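K.L.:
The structure under discussion is supplied below as structure tokens; questions concerning it will follow.
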Amino acid sequence: MIEPGFTLNERYQLKQTLGEGGMANVYLAHDLILDRDVAVKVLRLDLQNDPDAARRFQREAMATSELVHPNIVSIYDVGESHGQQYLVMEYVPGSDLKKYIVEHFPIPYQRVIEIMGQILSAVQVAHDHHIIHRDLKPQNILIDRDGNAKISDFGIAVALSDNSMTQTNSLLGSVHYLSPEQARGGMPTRQSDIYALGIILFEMLTGTVPFEGDSAVSIALKHFQEAMPSVRDFDPRIPQALENVVLKATTKDPAERYTSADAMNSDLKTALSAKRAHEPKFEPTGDDLDETKILPNLSADAAKVAPAQAQAVSSDQTKKPQRLAGLKKRWPFIAAAIAAGLIVIALVLAFSGGKADVQIPDLRGMSTAQATTALKNADLKLGKVSQAYSDSVAKSRIIASDPRRDTSVKSGSQVAVTLSRGPKRFTMADYTGEPYADVAKDLRKKGFTVRSVKTSSETVAKGKILKQDVAKGKKVVPMDTTIIFTVSSGTSTFSLQNLVGTSLVWAQTYANEVGLTITVTDAYSNSVASGEIISQSPQAGTQVSRGDTVAVVLSKGDQPQSSSSQPDADSDSGADHESAGLTVPDVVGQAQSAAEGALNAAGLSPQVVTQGSQSVPAGTVISQTPSGNSNAKSGDAVTIVVSSGPAAASSSASSSSASSNH
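Sequential numbering from 1 applies to the sequence shown in the UniProt record's numbering.
In structure tokens form, the structure reads like this:
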């Protein structure tokens, strides 16, 4: 067994042991190139020199690499390091379904159906690729941290234990999930996987397996001798329709099971439907296959049978000389027929050059050295070796042969092979400044996994790429590469503080810190002290960005009295106070809110009229009546015309009513 810390092919550093099996050991490893954790399965040291084990490991690894499904553990790489065969897979942190059942039992029925649906979907994909798992059990189904199921160990490294059985050196699978036909020594089929799935569903609903025993043999016998226990005996609340899925998947006769994993999944999805609430219990028509039968007591009848048997033996001995005599008479004809047959065989061999037909072995996944040995054992020779890129076959491993596997050819023939150059590498470009949406779409078509992280930028437009985590010029394999782009979300915004009542110095300091520009307009105010801000535009709480402008109106203090307002000696002092004049602030060009603030602070009453303008920005004062610096009395109305932006000539409405108000 390899010790943790060892690095395979200077890339996969083994960190710790995850499991040990009958054919391979599994390690948690770190991919030093892609900087990610992976699971590495290494063929056991005592099997490294076994050509059959190595060939099966490679063949099954290649078959599994064709399976792409979110609920199947992904295969990343197949390789060899210092004579050690290894397989690199997706690492799934979490637990297996066996532990999940223990920790979460009882599991809600809907959750059971959800998990089984994922498993069945994955098994259907395997069956569509003509791959039979042969060892489906909760220990081979991983549950990730998000609660998703992922099937592993497609016959590559099945553990041998006290509860496993073998026959004629072929693995039959863990006995608790073993189909009756496999227990009797039959070949596994798709229906064998269906049976195992039915047992898994039974265990998820009951928390236990249906058959237990003192030995693997006794458990195997129960699979084809005893009826499946009822899940409703464990939990009477289980709907009959849900139990029926278990019963149909686990019939003794494979022909009565679901025809496919998809068919089982479809039935399972509706098991909780109200329409199936009164469904009758499923009853198989022929579940008595090879059941144990009680034999009659033969000893009582032995005496009766013996005389008849003796008479039959005597008669047979009398007939033997007669049969021998007949055989001697026919012997010349038999000898002539045999001789003629040998002549025909000799002629066929002569015309064919004496070479018999042989079948080309499956060379996929082998190195050229392994292929040479396999071909030699089949009385064939290695021919032309060509190369091609492959995303699924490891570098220096055979992709295909010509003629292809299982083809019959004459012994001594040459077989050409195509050797993998590994995945085609892509030279990373510099994408900074380009639109993320376009770049991501293009790279995903090439097989990359693309992700983004957004951040604000004062210089780069929204949606453009600021930086990338894979450097320009680096050669990478698209299918194995995740590239993360930092994308501009545009200029950052923030909430504007309240500047009213503060000094201009304080407001300017704040503006400098956050990147704002301050414009100042002076106005008299009888309520705001001189040097303090009367109003601001935009108002406090508005979302602004760096570079924006904030207009403030700064108080000049109380409004001074005009010289014409001195009272005559004979006049009433109160009347003279009422006639005291005010100076109208000039608010043309200011923002509406700032203009209104200045007029209010001066003791005047602003009246707003909107008017379309092609030249004055919306929200800005175009004109005022009376004009700035005019004299007015406290409380007088001042009409300001505010731009509503570009508009038709007819949009300057209600000006006549404003004039009448003035």
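Where is the CB? At the ideal position from N, CA and C, for every residue including glycine. Bear in mind that the values here come from a model prediction, so they are computed numbers and not experimental data.
Within 10 angstroms of its Cβ, does residue 102 collect 16 or more other Cβ (buried), or is it exposed?
P.N.:
In the sequence shown, counting from the first residue as 1, residue 102 sits at position 102. That one is exposed.
K.L.:
For the candidate residues 395, 241, 90 and 245, whose alpha-carbon lies nearest to that of residue 263?
P.N.:
Working through the sequence shown from its first residue, we reach residue 263 at position 263. Looking at the Cα atoms, 245 is the closest of the given residues.
K.L.:
Does at least one heavy atom of the ligand ZN sit under 7 Å from the Cβ of residue 84?
P.N.:
Here there are no bound small molecules, and the ligand ZN is not part of this structure.
K.L.:
So, is residue 137 buried or exposed, given that buried needs 16 or more other C-beta atoms within 10 angstroms?
P.N.:
If you number the sequence shown from 1, residue 137 lands on position 137. Buried, since its Cβ has 16 or more Cβ neighbours within 10 Å.
K.L.:
According to the Cβ coordinates, are residue 131 and residue 67 closer than 8 Å?
P.N.:
Within the sequence shown, the letter at position 131 stands for residue 131. Within the sequence shown, the letter at position 67 stands for residue 67. In contact: residue 131 and residue 67 (Cβ atoms closer than 8 Å).
K.L.:
In terms of alpha-carbon separation, which member of 261, 35 and 190 lies closest to residue 117?
P.N.:
In the sequence shown, residue 117 corresponds to position 117, counting from 1. The shortest C-alpha separation from residue 117 is found at 261.
K.L.:
Suppose you measure from the CA of residue 646 to the CA of residue 531; what does that come to, to the nearest Å?
P.N.:
Your numbering for residue 646 matches position 646 in the sequence shown. Your numbering for residue 531 matches position 531 in the sequence shown. Each residue's alpha carbon lies about 37 Å from the other.
K.L.:
Residues in the same chain with beta-carbon distance under 8 Å from residue 508, minus the five sequence neighbours each way, listed in chain order, please.
P.N.:
Taking the sequence shown and counting its residues from 1, one reaches residue 508 at position 508. Closer than 8 Å at the Cβ level, and outside the excluded window around residue 508, lie 518.
K.L.:
Short of 6 Å in beta carbon distance, which residues of its chain neighbour residue 72, apart from the five on each side in sequence? Order them along the chain.
P.N.:
The residue given as residue 72 occupies position 72 in the sequence shown. Closer than 6 Å at Cβ, skipping near neighbours: 122 and 151.
K.L.:
For the alpha helix (DSSP H) holding residue 509, just list the boundary residues, first then last.
P.N.:
On the sequence shown, residue 509 is found 509 positions in, with the first residue counted as 1. Unbroken alpha helix (DSSP H) run through residue 509: 504-514.
K.L.:
CB-CB under 7 Å to residue 9, same chain, minus the five flanking residues each way: which ones, in chain order?
P.N.:
In the sequence shown, residue 9 corresponds to position 9, counting from 1. Cβ within range, chain order: 79 and 81.
K.L.:
Within this structure, are the beta carbons of residue 590 and residue 621 separated by less than 8 Å?
P.N.:
As a first step, residue 590 must be located in the sequence shown, where it is residue number 590. As a first step, residue 621 must be located in the sequence shown, where it is residue number 621. It is a contact, given that the beta carbons lie within the stated cut-off.
K.L.:
Rounding to the nearest angstrom, what Cα-Cα distance links residue 608 and residue 602 in this structure?
P.N.:
Position 608 of the sequence shown, counted from the first residue, corresponds to residue 608. Position 602 of the sequence shown, counted from the first residue, corresponds to residue 602. Going from the Cα of residue 608 to the Cα of residue 602 covers about 16 Å.
K.L.:
By how many angstroms is the C-alpha of residue 411 removed from the C-alpha of residue 111?
P.N.:
The sequence position of residue 111 within the sequence shown is 111, counting from 1. The sequence position of residue 411 within the sequence shown is 411, counting from 1. About 57 Å.
K.L.:
So, using beta-carbon positions, are residue 463 and residue 488 closer together than 8 Å?
P.N.:
For this step, residue 463 is matched to residue 463 along the sequence shown. For this step, residue 488 is matched to residue 488 along the sequence shown. Yes, Cβ-Cβ distance for residue 463 and residue 488 is below 8 Å.
K.L.:
Taking only the alpha-carbon atoms, compute the straight-line gap between residue 104 and residue 62 and give it to the nearest angstrom.
P.N.:
Start at 1 with the first residue of the sequence shown, and residue 104 comes out as number 104. Start at 1 with the first residue of the sequence shown, and residue 62 comes out as number 62. The straight-line gap from Cα to Cα measures roughly 35 Å.
K.L.:
Measuring CA to CA, which of 177, 182, 191 and 107 is closest to residue 127?
P.N.:
Position 127 of the sequence shown, counting from 1, holds the residue named residue 127. For residue 127, the nearest C-alpha among the options comes from 191.
K.L.:
Closest to residue 40 by C-alpha separation, out of 51, 511, 486 and 26, would be which residue?
P.N.:
Counted from its first residue, the sequence shown places residue 40 at position 40. Nearest option by C-alpha distance: 26.
K.L.:
Roughly how far, in whole angstroms, is the beta-carbon of residue 402 from the beta-carbon of residue 416, given that I think they are within contact range, below 8 Å?
P.N.:
The residue given as residue 402 occupies position 402 in the sequence shown. The residue given as residue 416 occupies position 416 in the sequence shown. About 4 Å separates the two Cβ atoms, so the contact holds.
K.L.:
Measuring alpha carbon to alpha carbon, tell me which residue in 627, 542, 641 and 636 is nearest residue 616.
P.N.:
Within the sequence shown, residue 616 is the residue found at index 616, counting from 1. When each option's Cα is compared against that of residue 616, the closest is 641.
K.L.:
Given this structure, state the Cα-to-Cα distance separating residue 146 from residue 445, to the nearest angstrom.
P.N.:
Counting from 1 along the sequence shown, the entry for residue 146 is found at position 146. Counting from 1 along the sequence shown, the entry for residue 445 is found at position 445. For residue 146 and residue 445, the distance between alpha carbons rounds to 27 Å.
K.L.:
With burial defined as no fewer than 16 other Cβ atoms inside 10 Å of the residue's Cβ, what is the status of residue 33: buried or exposed?
P.N.:
The sequence position of residue 33 within the sequence shown is 33, counting from 1. Exposed.
K.L.:
Can you find the residues in the same chain that come closer than 8 Å, C-beta to C-beta, to residue 169, ignoring five residues on each side of it along the sequence?
P.N.:
Looking up residue 169 in the sequence shown gives position 169. Residue placement at residue 169 is poorly supported in this model, since its pLDDT is 32, which falls under 50; the coordinates are not used for a value here.
K.L.:
Assuming residue 385 and residue 419 form a contact by the criterion Cβ under 8 Å, report the distance between their Cβ atoms to the nearest whole angstrom.
P.N.:
To locate residue 385, count along the sequence shown from 1; it is residue 385. To locate residue 419, count along the sequence shown from 1; it is residue 419. Indeed they touch by this definition, with Cβ atoms about 6 Å apart.
K.L.:
Have a look at the DSSP bridge pairing and note the partners of residue 637.
P.N.:
The residue given as residue 637 occupies position 637 in the sequence shown. Answer is 605.
K.L.:
Looking only at C-alpha atoms, which of 239, 238 and 175 sits nearest to residue 220?
P.N.:
Start at 1 with the first residue of the sequence shown, and residue 220 comes out as number 220. With distances taken between Cα atoms, residue 220 lies closest to 175.
K.L.:
For a test of the three-state rule: what should DSSP assign to residue 276, helix, strand or coil?
P.N.:
Taking the first residue of the sequence shown as position 1, residue 276 is located at position 276. Reduced to three states, the DSSP call for residue 276 is helix.
K.L.:
My parser needs the beta strand (DSSP E) runs of 3 or more residues fully inside the segment 396-427; what are they?
P.N.:
398-402, 408-410 and 414-420, all fully within the segment 396-427.
K.L.:
Residues in its own chain within less than 8 Å of residue 475 by CB, not counting five upstream and five downstream?
P.N.:
Position 475 of the sequence shown, counted from the first residue, corresponds to residue 475. Excluding residues within five positions, the ones whose Cβ falls inside 8 Å are 425, 426, 427 and 428.
K.L.:
Nearest to residue 285 by alpha carbon, out of 434, 267 and 248?
P.N.:
Residue 285 sits at position 285 when you count from the first residue of the sequence shown. Nearest C-alpha to residue 285: 248.
K.L.:
How big is the Cα-Cα spacing for residue 408 and residue 378?
P.N.:
In the sequence shown, counting from the first residue as 1, residue 408 sits at position 408. In the sequence shown, counting from the first residue as 1, residue 378 sits at position 378. In a straight line, the C-alpha of residue 408 is about 11 Å away from that of residue 378.
K.L.:
Taking only runs of the alpha helix (DSSP H) that begin and end inside the segment 81-151, which ones reach a length of at least 4 residues, in chain order?
P.N.:
Segments of the alpha helix (DSSP H) lying fully in the segment 81-151: 97-104 and 109-128.
K.L.:
Run the CB neighbour count on residue 7, radius 10 Å, all protein chains shown included, and call it buried at 16 or more, exposed below.
P.N.:
The residue you call residue 7 lines up with position 7 of the sequence shown. So residue 7 ends up on the exposed side.
K.L.:
Helix, strand or coil for residue 381, going by three-state DSSP, please let me know.
P.N.:
If you number the sequence shown from 1, residue 381 lands on position 381. Strand.
K.L.:
Using the beta-carbon count (16 or more within 10 Å), is residue 495 buried or exposed?
P.N.:
Along the sequence shown, one-based indexing puts residue 495 at 495. By the 10 Å Cβ count, residue 495 comes out exposed.
K.L.:
Using C-beta distances below 6 Å, list every residue in its chain close to residue 140, excluding the 5 sequence neighbours before and after it, in chain order.
P.N.:
The residue you call residue 140 lines up with position 140 of the sequence shown. For residue 140, where only same-chain residues beyond five positions count, the Cβ hits under 6 Å are 152 and 153.
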